[in-house]
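Report on the structure given below.
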Ligand SMILES: NC(=O)c1ccc[n+]([C@@H]2O[C@H](COP(=O)([O-])OP(=O)(O)OC[C@H]3O[C@@H](n4cnc5c(N)ncnc54)[C@H](O)[C@@H]3O)[C@@H](O)[C@H]2O)c1
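Numbering (the working numbering), first residue to last: 315 to 561.
What follows is the structure in structure tokens.
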């Protein structure tokens, strides 16, 4: 049975991806911050018959990343897929962003994912195994937008990380891809956006399909890029955005 590591697996897109991959035959390492429970995902009926292993991970800590990868390698002896999904957000005018806020977001959303990816890639190369990384970028990494500069710059970095690592590791059989979702009303986004109905309406109206993509839409795209059907696809950024990038 193939094994997938999913970061930020407790909720939202990470949760949907873990359950989607479980339904499609993967055992899953459910990685999230210490103190954040993944029990609901681990015990979900969709995961019946799969091994769902909770693993603590704080992407701000190098030692935590290495411990996470070592734990998964030890437990499963395989790591077919890495889904870089965990992230934080920051909605702030560029003129008000502090040095500490920049470092805080970048340490998770860019640096953490880079070193998670290299820890994974190092293990694949050392063990002569193929690999597949799918990161959750964003349409905010592809277009300009007010109030989201640090978040968007980090997602732009994830997009370029995807291309760089895809080319560097192509001959070693490690594929590296990313999805770029438009807004998805995950619990965290739902809570913040329903407090601003006019903004929610404006965002919905920008989407050609007239609906927000769901966490399940994103999970299905991640599964495609992660799995053998995408064997010849690497360095690709797949918008899952209701047509937004086509406008
Ligand atoms: N929801 C959207 O509208 C949307 C749109 C485009 C891209 N994305 C991206 O998709 C991904 C998932 O989005 P979501 O809305 O489900 O997120 P979310 O905020 O609901 O969940 C984020 C997860 O990351 C975990 N996390 C946070 N900091 C961490 C750290 N330091 N180490 C390890 N885990 C940590 C959280 O505990 C949580 O499980 C993110 O990368 C996000 O940027 C989301």
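Backbone N, C-alpha and C fix where the C-beta goes; we use that ideal spot for every residue, glycine too. For clarity, every value in this text was computed on a predicted model and none was experimentally measured.
- Kindly list the residues whose CB is nearer than 6 Å to the CB of residue 330, restricted to its own chain and excluding five residues on each side of it in sequence; keep chain order. As a first step, residue 330 must be located in the chain shown, where it is residue number 16. So the qualifying residues of the chain are 529, 530, 533.
- Other residues of its chain near residue 320: CB distance less than 8 Å, five sequence neighbours each side excluded: Here the question's residue 320 lines up with position 6 in the chain shown. Listed in chain order, the non-local C-beta contacts of residue 320 below 8 Å within the same chain comprise 328, 331, 332, 335, 342, 343, 344, 345, 397, 399, local neighbours out to five positions each way being set aside.
- Message: If I measure Cβ to Cβ from residue 376 and keep anything under 7 Å in the same chain, skipping five residues before and after, which residues do I get?
- Response: Residue numbering aside, residue 376 sits at position 62 when the chain shown is read from its first letter. Cβ neighbours of residue 376 beyond the five flanking positions: 429.
- Item | Any alpha helix (DSSP H) of 4 or more consecutive residues that is wholly inside the segment 409-450 | You should have 413-420, 427-440.
- Neighbourhood of residue 265 by C-beta, 7 Å cutoff - its chain only, sequence neighbours within 5 removed: Here the chain comprises residues numbered 315 to 561, so residue 265 is not present and cannot be evaluated.
- Where does the unbroken alpha helix (DSSP H) through residue 481 begin, and where does it stop? Against the chain shown, residue 481 aligns to sequence position 167. In this chain, the alpha helix (DSSP H) harbouring residue 481 covers 463-483.
- Message: Does residue 335 come out as helix, strand or coil in the three-state DSSP assignment?
- Response: In the chain shown, residue 335 corresponds to position 21, counting from 1. In the three-state reduction of the DSSP assignment, residue 335 falls in the helix class, which pools H, G and I.
- Item | Whole-Å CB distance - residue 526 paired with residue 499, under 8 Å assumed | The sequence position of residue 526 within the chain shown is 212, counting from 1. The sequence position of residue 499 within the chain shown is 185, counting from 1. With a beta-carbon spacing of about 5 Å, residue 526 and residue 499 fall inside the 8 Å limit used to define contacts.
- Query: Using DSSP with H/G/I as helix, E/B as strand and the rest coil, what is residue 369?
  - Reply: The residue given as residue 369 occupies position 55 in the chain shown. Residue 369: strand per DSSP, three-state reduction.
- Cβ pair residue 483, residue 426 closer than 7 Å: Along the chain shown, read from residue 1 onward, the residue named residue 483 stands at position 169. Along the chain shown, read from residue 1 onward, the residue named residue 426 stands at position 112. Not in contact: residue 483 and residue 426 (Cβ atoms no closer than 7 Å).
- Query: Can you find a heavy atom of ligand 1 that lies under 6 Å from the Cβ of residue 400?
  - Reply: Position 86 of the chain shown, counting from 1, holds the residue named residue 400. Checking the Cβ of residue 400 against ligand 1 gives yes.
- Message: For ligand 1, I want to know if residue 417 counts as a neighbour, meaning its beta carbon is within less than 6 Å of at least one of the ligand's heavy atoms.
- Response: Within the chain shown, the letter at position 103 stands for residue 417. Checking every heavy atom of ligand 1 against the Cβ of residue 417, none is found closer than 6 Å.
- Message: Just verifying my parser: in three-state terms, what is the DSSP assignment at residue 346?
- Response: Translated into positions along the chain shown, residue 346 becomes position 32. If DSSP states are grouped into helix, strand and coil, residue 346 belongs with the strands.
- What first and last residue would you give for the alpha helix (DSSP H) that runs through residue 537? Along the chain shown, read from residue 1 onward, the residue named residue 537 stands at position 223. 529-540 is the span of the alpha helix (DSSP H), which, as asked, contains residue 537.
- Message: What I want to know is whether the C-beta of residue 327 ends up closer than 6 Å to one or more non-hydrogen atoms of ligand 2.
- Response: With respect to small molecules bound, the structure shown includes ligand 1 and not ligand 2.
- Query: Under three-state DSSP, which class holds residue 522?
  - Reply: Walking along the chain shown from the start, residue 522 turns up at place 208. If DSSP states are grouped into helix, strand and coil, residue 522 belongs with coil.
- Inter-residue spacing [alpha-carbon to alpha-carbon] between residue 545 and residue 504: In the chain shown, the residue the question calls residue 545 occupies position 231. In the chain shown, the residue the question calls residue 504 occupies position 190. C-alpha separation (whole angstroms): 35 Å.
- Using only the heavy atoms of ligand 1, determine whether one of them is closer than 6 Å to the beta carbon of residue 498. For the purposes of this step, residue 498 is identified with residue 184 of the chain shown, where counting begins at 1. Correct: residue 498 has its Cβ closer than 6 Å to ligand 1.
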